[in-house]
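Residue numbers (the working numbering), protein chains in the order written: chain Z, 30 to 191; chain W, 30 to 191; chain B, 30 to 191; chain E, 30 to 191. Idealized CB from N, CA, C, for every residue including glycine. First up is the structure itself, then whatever we jot down about it.
There are 4 protein chains.
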Amino acid sequence: MSEEKQKQQQLPPTSAIDNLSSRRLENWFEYPVRVQPHHTDYTGVVWHGSYIAWMEEARVECLHSIGIAFVDLVALGCDLPVIEMSLRYHRAIHLGMAAVVKTRMIEVSGVRIIWEYMIESPHQQELYVTAKVTLVAVDRAKGKIMRQLPPDFKDALARLSA
Amino acid sequence: MSEEKQKQQQLPPTSAIDNLSSRRLENWFEYPVRVQPHHTDYTGVVWHGSYIAWMEEARVECLHSIGIAFVDLVALGCDLPVIEMSLRYHRAIHLGMAAVVKTRMIEVSGVRIIWEYMIESPHQQELYVTAKVTLVAVDRAKGKIMRQLPPDFKDALARLSA
Amino acid sequence: MSEEKQKQQQLPPTSAIDNLSSRRLENWFEYPVRVQPHHTDYTGVVWHGSYIAWMEEARVECLHSIGIAFVDLVALGCDLPVIEMSLRYHRAIHLGMAAVVKTRMIEVSGVRIIWEYMIESPHQQELYVTAKVTLVAVDRAKGKIMRQLPPDFKDALARLSA
Amino acid sequence: MSEEKQKQQQLPPTSAIDNLSSRRLENWFEYPVRVQPHHTDYTGVVWHGSYIAWMEEARVECLHSIGIAFVDLVALGCDLPVIEMSLRYHRAIHLGMAAVVKTRMIEVSGVRIIWEYMIESPHQQELYVTAKVTLVAVDRAKGKIMRQLPPDFKDALARLSA
């Protein structure tokens with residue numbers, strides 16, 4: 030039931046569907062995964078914490094796809110710790126199944142960057158997990174939140190959300 | 030700043046503070062941990078996903094402390110998957126540091142059980158993480174949400190929240 | 030002692046070395062990976078335990094590439110637990126670096142299957158890790174080591190080592 | 030069968046048993062664990078990679094017990110990466126079961142430190158895993174193997190192996 034509700038809330042108003050959904054779809058970065066034995070627990074499905082690693086990988090690869098190597102950010106002295114994270118588990122994924130971790134940046138506000146996630150079956154028939162992750166840019170040397178994002182990084186993100 | 034705000038939101042109305050806070054404090058189950066190399070990432074602090082394992086351990090040990098062996102629940106055919114989880118990361122914990130994972134059950138509504146978490150320094154001077162986790166009781170054989178909790182389990186939980 | 034024996038069995042007769050080694054090289058299955066933050070520890074390089082997950086993934090995907098879905102084996106009642114594993118760490122892999130997990134089955138003796146690993150840089154310039162993993166086929170229902178491999182599985186493995 | 034053999038090989042010659050075994054037993058550091066859901070995989074027993082984390086924890090806590098804080102070593106510029114590791118899995122450990130990770134340093138040769146492990150049931154009736162891990166002291170700043178162990182560390186280790 031809560032799955033139904035959730036899906037409905039994600040839908041834009043009917044009249045706007047055609048334009049929006051196509052534009053939104055393009056914004057998703059897709060990261061394919063397969064459930065390996067080490068992702069599961071005694072129940073035979075993915076352990077709830079295993080998704081966190083997949084989500085991080087999808088985020089890093091999404092940045093990589095627009096020319097931002099995570100390690101370069103680190104070399105610049107900029108870290109991006111997670112400061113907030115929420116997940117809703119709609120359906121379990123079983124050993125051996127394939128899935129797609131879809132992610133997109135939905136907001137950059139100052140030095141906070143918010144990512145949205147949908148983990149789905151390969152043909153979008155099943156929704157497994159929805160999630161939101163907030164990062165903040167931190168100056169590694171000072172151990173403090175940055176006043177603003179490094180300019181190159183900001184420009185690259187602007188391209189991603191364009 | 031957001032830490033301050035968070036703490037304030039957790040406070041009950043002023044007039045009720047004395048009674049409530051003392052009673053609530055007694056309800057916390059405390060699970061001590063130390064940050065091992067495998068908990069950290071390249072930044073030298075705990076990787077944000079490592080807390081999920083600690084939180085699970087604290088939950089299982091809390092149930093154990095009131096006589097509920099997780100494995101007995103499983104043997105009864107009852108599983109308790111996480112269906113929702115949210116975390117706020119206030120401060121990083123460095124390699125070698127000790128911390129206490131405090132947890133308590135804050136709500137049992139039908140077959141949903143909500144746990145609250147505070148991960149703190151050993152003497153409560155620092156707040157590292159706050160979190161909330163919702164479980165639901167599932168009938169393993171049928172793969173369906175149970176209509177009600179197994180009676181023994183329900184009674185034991187009642188003792189925990191008393 | 031059994032290690033000695035094992036080593037001897039891996040060596041081809043001296044006269045056959047040249048031919049064999051070239052043919053064996055073709056048998057490597059290659060599984061590409063990139064070092065994500067969650068693979069690292071406080072030193073900034075891959076935590077020594079993270080390789081175990083990569084090695085499992087490479088093994089499962091190698092079987093998949095010859096038509097053996099791990100989950101089908103499980104459905105058949107056949108499990109393949111690791112009974113022995115050894116790793117040598119030659120060089121660390123840093124955050125953000127790409128690597129290739131190369132694996133091949135080097136021996137099937139009864140129900141024991143031995144896999145060999147080399148984890149290298151993408152162009153084989155650096156050798157990071159070498160490893161060996163021994164699996165044994167277990168009958169899930171009985172919880173006992175099988176007398177022989179399931180016939181379909183055996184045939185597929187024969188193709189892999191051909 | 031190989032379990033039996035293994036056990037026998039660990040036994041000193043009969044005439045020497047009383048002295049040796051008692052002295053050796055005292056040298057084991059014991060680190061208790063319980064199998065949590067996140068340690069297991071779809072088979073309901075501990076995933077073979079989960080032991081690596083337990084073994085690291087036992088090693089760090091063993092050093093801690095003789096006054097060596099791992100984080101102090103790191104602060105001194107000394108790292109202790111694993112350069113070799115081998116494990117033999119004798120018996121699986123099921124969800125919810127308690128176990129003891131026993132470890133001791135069996136050799137310090139130059140800057141190489143070798144640890145031995147036995148993971149057993151709480152009353153030594155069952156042997157689950159035996160393992161050996163070799164560490165080497167590395168100068169973090171230079172990224173090179175040290176010529177000798179830091180003096181304080183060496184002295185503390187001498188006490189441990191005395």
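Under 9 angstroms from the C-beta of residue i: neighbouring residues of chain E
i      : result
L178/B : Near L178/B there are no residues of chain E at all, since even the closest Cβ is about 18 angstroms away, more than 9 angstroms.
D101/Z : Here the premise fails: no neighbours, minimum Cβ distance about 20 angstroms.
Y118/B : P110, V111, I112, E113, M114
V89/W  : R63, Q65, P66, G125
Length of the line joining the Cα atoms of residue i and residue j
i      : j      : result
I174/W : E149/Z : 21 angstroms
V165/Z : E136/Z : 12 angstroms
E90/W  : A185/Z : 46 angstroms
S79/W  : H68/W  : 6 angstroms
V64/Z  : L189/E : 43 angstroms
I112/Z : V100/W : 33 angstroms
E155/Z : Y146/Z : 14 angstroms
P42/Z  : M126/E : Because P42/Z sits at a pLDDT of 37, beneath the cut-off of 50, its placement in the model cannot be relied upon, and the point is left open.
V75/Z  : R141/W : 20 angstroms
N56/E  : F58/Z  : 54 angstroms
G96/B  : L102/B : 11 angstroms
H77/W  : A82/E  : 17 angstroms
M134/B : A160/E : 23 angstroms
R169/E : G73/B  : 11 angstroms
S215/B : P61/B  : Nothing about residue 215/B can be read from this structure; chain B reaches only from 30 to 191.
L124/Z : Y71/E  : 7 angstroms
N48/B  : L105/W : At N48/B, the pLDDT of 37 sits below 50, so the modelled position is not reliable and the matter cannot be decided from this model.
K183/W : C107/B : 37 angstroms
E85/E  : R88/W  : 23 angstroms
M114/E : V158/E : 13 angstroms
V162/B : L178/W : 43 angstroms
A187/B : P66/B  : 38 angstroms
S138/E : L109/E : 14 angstroms
Q153/B : R117/B : 17 angstroms
A128/Z : K171/E : 43 angstroms
V167/W : L92/W  : 17 angstroms
I143/E : H119/E : 21 angstroms
Residues that residue i contacts on chain B, provided the C-beta gap is smaller than 9 angstroms
i     : result
F58/Z : The premise fails here: F58/Z is roughly 15 angstroms from chain B at the closest Cβ pair, so nothing lies under 9 angstroms.
Proximal residues of chain E, C-beta to C-beta of residue i below 7 angstroms
i      : result
G172/Z : Under the 7 angstroms cutoff, chain E gives no residues; its nearest Cβ is about 16 angstroms from G172/Z.
G73/Z  : Y71
Within chain B, the residues that residue i reaches when beta carbons sit closer than 7 angstroms
i      : result
H123/E : Under the 7 angstroms cutoff, chain B gives no residues; its nearest Cβ is about 11 angstroms from H123/E.
Classification of residue i by the beta-carbon crowding that lies within 10 angstroms, buried from 16 upward
i      : result
A131/E : Sequence check: residue 131/E is Lys here, not Ala. So K131/E ends up on the buried side.
L54/E  : Note that L54/E scores 48 on pLDDT, short of 50, meaning its location in the model is unreliable; the coordinates nonetheless yield the value given after this. Per the 10 Å Cβ criterion, exposed.
A121/B : buried
E180/E : First, the amino acid is wrong: residue 180/E is Pro here, not Glu. The residue in question, P180/E, is exposed, as its Cβ has fewer than 16 Cβ neighbours within 10 Å.
P151/W : exposed
R176/Z : exposed
A98/W  : exposed
Residues that residue i contacts on chain W, provided the C-beta gap is smaller than 8 angstroms
i      : result
W76/B  : P66, H67
Y80/B  : Going along chain W, no residue has its Cβ under 8 angstroms from Y80/B, so there is no contact; the nearest lies around 12 angstroms.
T132/Z : Result: empty, since nearest Cβ-Cβ is about 16 angstroms, beyond 8 angstroms.
Within chain W, the residues that residue i reaches when beta carbons sit closer than 9 angstroms
i      : result
E85/E  : Q65, P66, H67
Y157/B : None at all; the shortest Cβ gap to chain W is about 17 angstroms.
Amino acids of chain Z, ordered along the chain, whose beta-carbon sits closer than 9 angstroms to that of residue i
i      : result
V162/B : Those within 9 angstroms of V162/B in chain Z number zero; the least Cβ separation is about 13 angstroms.
Partner residues on chain B for residue i, Cβ-Cβ distance less than 8 angstroms
i      : result
A187/Z : Those within 8 angstroms of A187/Z in chain B number zero; the least Cβ separation is about 23 angstroms.
A98/Z  : G125
ask   = Which runs of the alpha helix (DSSP H) spanning at least 4 residues fall entirely within the region 78-164 of chain Z, listed in chain order?
value = 79-94, 99-104
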